[in-house]
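Here the structure is laid out as structure tokens; the discussion comes afterwards.
Protein chains: 2
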Amino acid sequence: MTPPKRGFTNAEFACRCAKIQQAMITNDIAALLLTTEADVRYFTGFMTQFWQSPTRPWFVLLPAIGKPIAIIPSIGAPLMRDCYIGNLQTWTSPAATDDGISLLASLILDQVGLSGRLGMMMGSETTIRMPFADIQALQTLMDGITLCDMTADVQKIRMIKSPAEQIKLKHICSIVSSVFADLPQWVVAGMPLNELFQNFKIKALEAGVDDVSYLVGSAGPDGYTDIIAPPTSRPIASGDVFMLDTGCIWDGYFSDFDRNFAMHYASDTAKEAHHRLFDATDAALNILKPGITAADLFFAMDQVLRPNGSIQIKGGEVGRYGHGLGTQLTEPPSHTNWDQTVLEAGMALTLEPSINYGDGLMMVAEENLLILDNGAMLLSTRAQRDLPIVSAC
Amino acid sequence: MTPPKRGFTNAEFACRCAKIQQAMITNDIAALLLTTEADVRYFTGFMTQFWQSPTRPWFVLLPAIGKPIAIIPSIGAPLMRDCYIGNLQTWTSPAATDDGISLLASLILDQVGLSGRLGMMMGSETTIRMPFADIQALQTLMDGITLCDMTADVQKIRMIKSPAEQIKLKHICSIVSSVFADLPQWVVAGMPLNELFQNFKIKALEAGVDDVSYLVGSAGPDGYTDIIAPPTSRPIASGDVFMLDTGCIWDGYFSDFDRNFAMHYASDTAKEAHHRLFDATDAALNILKPGITAADLFFAMDQVLRPNGSIQIKGGEVGRYGHGLGTQLTEPPSHTNWDQTVLEAGMALTLEPSINYGDGLMMVAEENLLILDNGAMLLSTRAQRDLPIVSAC
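Note that the protein sequences, when read in sequence, are chains C and F.
Sequential numbering of the first sequence, starting at 471, is according to this note's numbering.
Sequential numbering of the second sequence, starting at 471, is according to this note's numbering.
If you want it as structure tokens, here you go:
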């Protein structure tokens, strides 16, 4: 399939900045400090795998008016110059002491003044990506400044995907759907699980994903007990139920869904578990539209998953039945009984019901979708209701 | 090649814990709080790509005596149970409020008491992976406890790789060397850089790496200007100098080295830059043995790179000439003029001299090596002195 255009227009970044700047002006916040890959990329377009190196801190300061100010190690200057920024300040990093902190503090004081309000990311699903000692040093240097948590404001904006973001999400989910669709043609009994994983990664790259950033899963007789482990070298055997859950990336945007399979045959209990997960997903899809909450999705799925039936329900291990999707493998909201986030058109979500059955086994099924003005559309090609059985040759 | 055994023995984790516990006892520190993927894995063996999800915090508390205590979301329990831990405490995460904080605080108070000393990671190259608001809440809950930075102690231990770690590093570097060696056979003029990258990833997976976690690079007429950008779709042209820098992973251990190539031909200046980088690497290799410092490596390379010659030196952009290597793409020490870390047998390092030449062009060359009792051994198959020229078919 022909890939869409990479990157974003400057107008897109201007729009993103304008939205958070509106919240900043409303709350009398003079500047917003960003330190993480996802937030820096969202507001400036700075995209690099170099964030994997923990050595250097990276800062972006977004003033209430104007373009972002990048305060970064000089190694990033060539790339950052082409991003959506109004000012670029660099220092040679790593530094023995003061690794960008006094430079950052002086720019914050320029923007915020001695006793103004600085926005920071302090809430759920965030971290401040700099050494704790540097946070303390920074706090001392900007002693009179009030730190204000802007997590909710930033998350609210990032949750709504623009048309250009939606196209990227559709593209990556479409590629991964095709890779999963082909899997029964090439997986065979006796293939070690880690070899299956390597094959999957190669086929996903061949199909056009940029990276297979995340691939976890399990296999075991009639089911699995873990959903985040790396693969073992145990060969897949007849009667195994196995699951691959992958987060693949295209132009910085993630798919995140899984598929379950049985090798040659499966018990009625495993088949029923798969039906139940499908029906739970159906229950969520049936109510999906703007105006309902993430908690509504939880309750719709939970009602299907937890009646007293033939399947033993323990619940609680995964902690939720899905989440937001975008530039991170998982983003807000969380489909839990407490998340009152109101769904809006443009949100990309996963539905990820999970169920416990048999003797400590579990099964999880996941789909990706986009909220539309009047409902929702699947981004992943939906799994069938019956647990797919890989046939003997 | 036959891969080595995956994982580590319990004795290895016991040894790692005993080393840091010795430093804790010396400094009267009752427990050490760990929150990041690298530190948690190092002391417990907990390995999962699930860290990519920013939703949930994960905590390990290492008492001064005894095995680590894991305080984690219940989704991680099946995997953590098989790790090197003495106690597993879970909660259902994500939580609306109190996402593990009161549980963590109570366990810290159990171990440290109301007025004891708690070790934390606060220094260079570290972050505390939890929301800032949760750090503040935790500080309130453990008000009388003194926080002590243990970054230097943990880094000192992690820098020395055990025999089992060394085998993994050798293995991954050996695989990646073979992939680079084959590259001139399949790269052709006209191949877009991003297609070259995809092919490289596929070939690395086929050769046996677990993941191509990091692959950056650039191409341009006679050289490149950036070393951390994602690839463009520009076709590689005759006269381009191009570079691929990759961090590949096997069983959680990274290679990190690059290779430069010219398509069909290169200028004398580019060839001279490559010679200079090779000679700088030679200068470092010639002095490499236990007892010298990371700064000694910097000065040995810098002396070759910065004489006033035909090559215009600007310097400073990368910020160092190499670093440590292990479970992270980059680890301490840093080959800078200020890093006085004394090299010891068992350290895995990169040598990464960089040079500026021509009109804003730069070149970087990188090798991986291991410090031995009486010198050093290369882990990467060394690049040749002459810039490799890919021939026209």
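Backbone N, C-alpha and C define an ideal beta-carbon position, used for all residues, glycine too.
Values in this document were obtained by computation on a predicted structure and should not be read as measured data.
Worksheet item: Run through DSSP, which three-state label would A622 (chain F) get?
Response: helix
Discussion item. Under 8 Å, Cβ to Cβ, is there at least one residue of chain F near T562 (chain C)?
Written reply: yes
Worksheet entry | Straight-line Cα distance separating G722 (chain F) from A815 (chain C) | 40 Å
Item to complete: Quick one: grab the DSSP three-state call for D738 (chain F).
Response: helix
Worksheet item: Exposed or buried, what is G515 (chain C) when buried is set at 16 or more other beta-carbons lying within 10 Å of its beta-carbon?
Response: buried
Discussion item. Quick check on C485 (chain F): buried or exposed, where buried means 16 or more other Cβ atoms within 10 Å of its Cβ?
Written reply: exposed
Practice prompt. For G779 (chain C), name the three-state secondary structure that DSSP assigns.
Written response: For G779 (chain C), the pLDDT reaches just 44, beneath the cut-off of 50, and the residue's location in the model is therefore unreliable, leaving the point undetermined.
Practice prompt. Note the first and the last residue of the continuous beta strand (DSSP E) segment covering P691 (chain F).
Written response: D681 to P691
Worksheet item: I698 (chain C) CB to nearest chain F CB: under 8 Å?
Response: yes
Worksheet item: How big is the Cα-Cα spacing for A547 (chain C) and Q655 (chain C)?
Response: 47 Å
Worksheet item: Under 8 Å between C-beta atoms, does Y723 (chain F) make it to chain C?
Response: no
Worksheet item: What's the C-alpha gap between I598 (chain C) and M661 (chain F)?
Response: 40 Å
Worksheet entry | Sequence-distant residues of the same chain with beta carbon closer than 6 Å to F650 (chain F), five excluded per side | R729
Worksheet item: If we cut at 8 Å on Cβ distances, does F602 (chain F) have a partner in chain C?
Response: yes
Worksheet entry | Partners in chain F for V686 (chain C), counting only beta-carbon separations shorter than 9 Å | T518, Q519 and F520
Practice prompt. Please say whether G709 (chain C) and H734 (chain C) have beta carbons closer to each other than 8 Å?
Written response: yes
Worksheet entry | Distance CB(T797 (chain C))-CB(F724 (chain C)) smaller than 8 Å | yes
Practice prompt. Assign R790 (chain F) to one of three DSSP states: helix, strand, or coil.
Written response: coil
Practice prompt. Please report how far the alpha carbon of I832 (chain F) lies from the alpha carbon of K640 (chain C), in whole angstroms.
Written response: Note on residue identity: the sequence assigns Met, not Ile, to residue 832 (chain F). Rounded to whole angstroms, M832 (chain F) to K640 (chain C) spans 37 Å at the Cα level.
Item to complete: Return the residues of the region 582-613 of chain C that lie within a Cβ-Cβ distance of less than 9 Å from chain F, sorted by chain order.
Response: M590, M591, M592, G593, S594, E595, T596, T597, I598, R599, M600, P601, F602, A603, D604, I605 and Q606
Discussion item. To be precise: take each residue of the region 613-633 of chain F, compare its Cβ to all Cβ atoms of chain C, and keep it if any distance is under 7 Å. Which residues remain?
Written reply: D619
Worksheet item: Apart from the five residues on each side of it in sequence, which residues of its chain come closer than 6 Å, Cβ to Cβ, to P803 (chain F)?
Response: A764, G794, D809 and T811
Discussion item. For the region 486-494 of chain C against the region 662-669 of chain F, do three or more pairs of beta-carbon atoms, one drawn from each stretch, fall closer than 8 Å, so that the two count as touching?
Written reply: no
Worksheet entry | Contact list for A566 (chain F) against chain C, beta-carbon separation under 8 Å | T806, W808 and D809
Practice prompt. Anything in chain C within Cβ reach of G546 (chain F), meaning under 7 Å, just list it in chain order.
Written response: I698
Worksheet entry | Helix, strand or coil at Q559 (chain C) [DSSP, three-state] | strand
Worksheet item: Do you know whose CA, among C:L608, C:N480 and C:H805, lies nearest S576 (chain C)'s CA?
Response: C:L608
Worksheet item: So, V774 (chain F) versus A740 (chain F), is the Cβ gap smaller than 8 Å?
Response: no
Item to complete: Taking P549 (chain F) and I698 (chain C) to be in contact with their CB atoms under 8 Å, please state how far apart those CB atoms are, rounded to whole angstroms.
Response: The identity of residue 549 (chain F) in the sequence shown is Leu, whereas the question assumes Pro. Yes, L549 (chain F) and I698 (chain C) are in contact; Cβ-Cβ is about 6 Å, under 8 Å.
Worksheet item: Does the distance from the CB of D509 (chain F) to the CB of R587 (chain F) come in under 8 Å?
Response: no
Practice prompt. Using three-state DSSP, classify I535 (chain F) as helix, strand or coil.
Written response: coil
Discussion item. If you reduce the DSSP assignment to three classes, tell me which class L669 (chain F) lands in.
Written reply: A quick correction: the sequence has Asn, not Leu, at residue 669 (chain F). Looking at N669 (chain F) - three-state DSSP - the assignment turns out to be helix.
Item to complete: Name, please, each residue of chain F whose Cβ falls closer than 9 Å to the Cβ of T695 (chain C).
Response: P548
Item to complete: Check distances from the C-beta atoms of the region 710-741 of chain C to those of chain F and list, in chain order, the residues that come in under 8 Å.
Response: G717
Worksheet item: Are any of the Cβ atoms in chain F nearer than 8 Å to that of G570 (chain C)?
Response: no
Worksheet item: So what does DSSP say about K784 (chain C), is it helix, strand or coil?
Response: Confidence at K784 (chain C) is low in this model, with a pLDDT of 42, below 50, so its placement is unreliable and the value that follows should be read with caution. Looking at K784 (chain C) - three-state DSSP - the assignment turns out to be coil, as it is neither helix nor strand.
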